[in-house]
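*Asks:* Next up is a structure, given as structure tokens.
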Amino acid sequence: MVKAHSSRLMALGNAGRWLMVVFIICTALLFSGSASATLTARANHDHITVDFFYHGSTVSVSGVSDPDADLVIKITSPEGHQALRKKGKVAGLLWMNVGNLDYENVPALYFLTATKKPEDILAPGELDKAVIGYPALARHAEVKPVSDEQEKARWFAEFIRYKEASRVYGITSGNINMSEKDGKHTYYTLFQWPYQASPGDYTVTAYAVKGGKIVETAESHVLVEQVGVVKRLADMAKSRGALYGAISILAALGAGFGVGLVFRKGGGSH
Amino acid sequence: MYLYLPVALTSINILVPIGLGLAVGLLSGLFGVGGGFLMTPLLIMFGIPSTVAAATDSNQIVAASTSGTYAHWKVGNVDFKMGLYLLLGGFIGGLAGVQGIKVLQAMGNADFVIKMTYVLMLGIVGAYMFVESLMSMRKKKEETPKQAKESKVGAFLKSLPMQTHFEKSGVTHSLLLPVIFGGFVGILAAVMGVGGGFLMVPVMVYILRMPMHVVVGTSLFQILFNCIEVTFLQAYTNHNVDFILAVLLLLGSTVGAQVGAVFGRKLKGEQLKIILAVIVLVVTVKIVFELTMSPSLLVSQGGGH
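Keeping their order, the protein sequence lines are chains A and B. For what it's worth, my numbering labels the leading residue of the first sequence as 10, then goes sequentially. For what it's worth, my numbering labels the leading residue of the second sequence as 32, then goes sequentially.
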């Protein structure tokens with residue numbers, strides 16, 4: 010009886026061991042399977058501090074990728090609303106502001122780079138889904154007031170021209186460097202970060218593309234933040250306008266009188 | 032060297048605002064204008080958002096006009112009494128002008144009216160000052176100056192009530208005159224979004240018949256108060272004043288205003304008028320050019336009126 014019980018226990022123990030072995034093998038297979046395709050993205054300069062001497066920066070994005078996949082890397086600010094003035098001809102002769110345009114669902118900053126032109130490696134549906142490229146951004150955005158799609162396309166193109174001139178929108182391709190490091194396939198690309206980009210949180214997204222589809226996505230962030238006196242002045246201008254105005258006026262009055270006195274002492278009077 | 036501007040949210044080479052301040056301050060000390068009609072477009076050209084450019088310019092004009100008023104006051108060229116009546120009118124006119132903008136905006140096409148008023152005013156004032164000072168320079172060469180004949184308008188102005196003598200300017204006018212014309216300039220300045228120095232100077236010269244050197248000092252005095260009010264309102268309601276940019280600008284403009292005042296004393300009234308007229312006409316031509324040439328970008332930053 011005791012013998013029978015112990016042999017049953019042994020049988021159960023063997024089954025448990027087998028189960029554990031199977032579990033370990035499965036787990037190992039699972040991890041080794043994804044390891045070759047895992048996409049990572051890291052922005053080297055993920056906290057840009059804006060002080061008095063800030064004149065823009067650089068942000069490099071690097072990571073591990075599948076050697077067979079193409080890559081698209083996008084940096085954007087959160088989407089929002091932007092109001093612009095539109096210029097038009099009045100009386101067929103004079104160019105002036107003829108009204109306002111409201112752009113919805115548009116980021117303040119939009120940088121995109123890819124191993125090849127995005128429209129050559131991604132199906133139209135995929136471009137739209139991930140809002141990759143200006144045509145996809147145009148379909149994603151709303152422009153008001155416009156009478157038809159043609160007019161929307163025209164004013165969206167003007168919006169892009171304006172943003173590119175302000176250096177906060179840009180699309181490039183073919184400048185992602187690939188290399189092998191410690192048996193891993195790595196990528197690296199560099200973005201010139203413009204000083205015109207406002208403080209805020211920016212999202213870096215890397216897309217791995219195969220067969221016209223996005224197969225993997227990895228994300229990272231870049232925080233641009235004012236610090237020190239720059240931050241204190243900006244905060245004061247926003248939250249304590251009266252005090253800020255009074256200080257600005259007193260400083261100007263003081264400077265005006267001060268220079269006047271200096272000139273008098275320097276023999277500037279007649 | 033570049034400095035980051037916390038409200039304009041942009042970076043600028045410090046030599047640019049200091050140099051601009053010096054140049055515009057010089058004009059301010061010479062002619063008694065704030066120079067906003069030159070400075071604001073120049074700042075926009077260097078990448079400062081238009082709303083911040085206008086607000087910050089008014090802050091630096093406080094410094095430049097303090098420096099200029101002080102320099103002119105030292106040599107007795109500020110008529111405080113006249114300045115105060117002009118200020119009173121300007122203040123009432125400014126309030127009316129702001130309401131006027133609201134009406135224009137409600138009617139639509141406000142920008143057209145504002146731009147046209149600006150071009151016409153600049154053009155008329157510039158052309159009139161140019162021709163008049165040219166003629167008076169020629170006359171002086173030909174004959175000894177005579178007292179100008181009393182015109183019908185002059186006689187009417189003399190018949191107005193509340194006549195008072197303005198000692199510094201050496202003129203006698205009704206108190207209503209500076210208040211009404213100050214108000215008129217105030218309305219136009221508010222509609223055009225400028226300080227109005229280029230309008231106030233001709234009003235003082237041709238209507239109030241003040242001597243040119245007193246005009247410059249008195250104009251700077253009233254510009255100073257106008258710009259204090261505008262700076263405070265801009266900082267309080269729109270949060271558009273960039274203190275760092277203003278400091279960089281005033282480093283140049285306060286010195287420029289002193290140098291301008293010294294230079295101004297060496298020039299004759301007619302010479303000052305004709306140079307100011309040429310500057311105003313050049314700005315007019317530039318604006319007309321901008322209005323007729325196709326712009327490189329068809330959208331621009333929104334905000335402000």
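From the three backbone atoms N, C-alpha and C, an ideal C-beta is built for every residue, glycine too.
1. Going along the segment 134-149 of chain B in order, which residues come within less than 7 Å of chain A, judged by CB to CB distance?
2. Which residue comes first and which comes last in the beta strand (DSSP E) that contains A:His56?
3. Would A:Lys96 be called buried (16 or more neighbouring beta carbons within 10 Å of its own) or exposed?
4. Could you tell me the alpha carbon to alpha carbon distance between A:Thr58 and A:Val233, rounded to whole angstroms?
5. Note down, in chain order, every chain B residue with its Cβ under 8 Å from the Cβ of A:Trp104.
6. Taking a contact to mean a Cβ-Cβ separation below 9 Å, would you say A:Ala123 touches A:Ile185 in this structure?
7. From A:Glu189 to A:Asp111, what distance separates their C-alpha atoms?
8. Measure the C-alpha to C-alpha separation of A:Leu259 and A:Tyr197 and round it to an integer number of angstroms.
9. Determine contact between the segment 74-81 of chain A and the segment 204-223 of chain A, defined as no fewer than three beta-carbon pairs at a distance below 8 Å.
10. So with Cβ pairs under 9 Å, would you call B:Thr82 a contact of chain A?
11. Using 9 Å as the threshold, is the C-beta distance between A:Phe61 and A:Val177 below it?
12. Determine the DSSP secondary structure at A:Arg51, reduced to helix, strand or coil.
13. In three-state terms, what does DSSP make of B:Ile43?
14. Below 8 Å, can you find three or more Cβ-Cβ pairs linking the segment 267-274 of chain A to the segment 285-301 of chain B?
15. Excluding five sequence neighbours on each side, which residues of the same chain lie with their C-beta closer than 8 Å to the C-beta of B:Arg296?
16. In angstroms with no decimal places, state the Cα-to-Cα distance between B:Leu281 and B:Phe256.
17. So is A:His56 in contact with chain B if we call contact Cβ pairs under 9 Å?
18. Which residues does DSSP list as the beta-bridge partners of A:Glu189?
19. Taking beta-carbon pairs under 8 Å, can you tell me which members of the segment 144-171 of chain A lie near chain B?
20. In angstroms with no decimal places, state the Cα-to-Cα distance between B:Glu301 and B:Ser325.
21. What is the rounded straight-line gap between the Cα of B:Ala86 and the Cα of B:Gln265?
22. What does DSSP give as the partner residues of A:Met105 in its beta bridges?
23. At a cut of 8 Å, does the segment 88-103 of chain B reach the segment 59-71 of chain B through at least three beta carbon pairs?
24. If you draw a straight line from the alpha carbon of A:Thr226 to that of A:Thr181, how long is it in whole angstroms?
25. Would you mind sorting B:His270 into buried or exposed? The rule is 16 or more other CB atoms within 10 Å of its CB.
26. Please state whether DSSP places A:Gly72 in a helix, a strand or coil.
27. Any idea what DSSP makes of A:Pro144, helix, strand or coil?
28. The segment 259-270 of chain A: which residues have C-beta closer than 9 Å to a C-beta of chain B, in chain order?
29. Under 6 Å Cβ to Cβ from A:Val140, same chain only, skipping five residues before and after it: list those, please.
30. Suppose you measure from the CA of B:Leu164 to the CA of B:Gln91; what does that come to, to the nearest Å?
31. Which one of B:Val309, B:Asn108, B:Glu260 and B:Ala137 has the shortest CA to CA distance from B:Gly121?
32. Might you give, ordered along the chain, the residues of its own chain that have their beta carbon closer than 6 Å to the beta carbon of B:Gly67, omitting 5 neighbours on each side?
33. Output needed for B:Ile79: all residues of its chain with C-beta closer than 6 Å, excluding positions within five of it in sequence on either side, in chain order.
34. Going by beta carbon distance, what residues of the same chain come within less than 6 Å of A:Phe120, once the five residues before and after it are set aside?
35. Are any of the Cβ atoms in chain B nearer than 9 Å to that of A:Gln91?
36. Under the rule that 16 or more other beta-carbon atoms within 10 Å means buried, what is A:Thr36, buried or exposed?
*Replies:* Looking at the atomic coordinates:
1. Asp142, Phe143 and Lys146
2. Run containing A:His56: His56 to Val59, per the beta strand (DSSP E) assignment.
3. buried
4. 6 Å
5. Glu321, Leu322, Thr323, Met324, Ser325 and Pro326
6. Yes, Cβ-Cβ distance for A:Ala123 and A:Ile185 is below 9 Å.
7. 47 Å
8. Cα-Cα distance, rounded: 51 Å.
9. yes
10. no
11. no
12. Three-state result, A:Arg51: strand.
13. strand
14. Yes: the two stretches touch, three or more of their Cβ pairs being nearer than 8 Å.
15. Val106 and His244
16. 16 Å
17. Not closer than 9 Å to any Cβ of chain B, the Cβ of A:His56 fails to qualify, so no.
18. A:His194
19. From the segment 144-171 of chain A, only Trp164, Glu167, Phe168, Arg170 and Tyr171 have a Cβ closer than 8 Å to chain B.
20. 38 Å
21. The straight-line gap from Cα to Cα measures roughly 6 Å.
22. A:Gly97
23. yes
24. Distance from the CA atom of A:Thr226 to the CA atom of A:Thr181, rounded to whole angstroms, is 19 Å.
25. buried
26. strand
27. If DSSP states are grouped into helix, strand and coil, A:Pro144 belongs with the helices.
28. Ala260, Ala261, Leu262, Gly263, Ala264, Gly265, Phe266, Gly267, Val268, Gly269 and Leu270
29. Leu146 and His149
30. A small correction: the amino acid at residue 164 of chain B is Ser; Leu does not occupy that position in the sequence shown. Looking at the two C-alpha atoms, the distance is approximately 30 Å.
31. Ranking B:Val309, B:Asn108, B:Glu260 and B:Ala137 by Cα distance to B:Gly121 puts B:Glu260 first.
32. Result list for B:Gly67: Asp88, Val225 and Gly226, in chain order.
33. Ala39
34. Residues of the same chain with a CB within less than 6 Å of the CB of A:Phe120, apart from the 5 flanking positions on each side, are Ile84, Gly179 and Phe200 in chain order.
35. The C-beta of A:Gln91 comes closer than 9 Å to at least one C-beta of chain B.
36. Confidence in A:Thr36 is poor, its pLDDT being 45 and thus under 50, which makes the residue's placement too unreliable to answer from.
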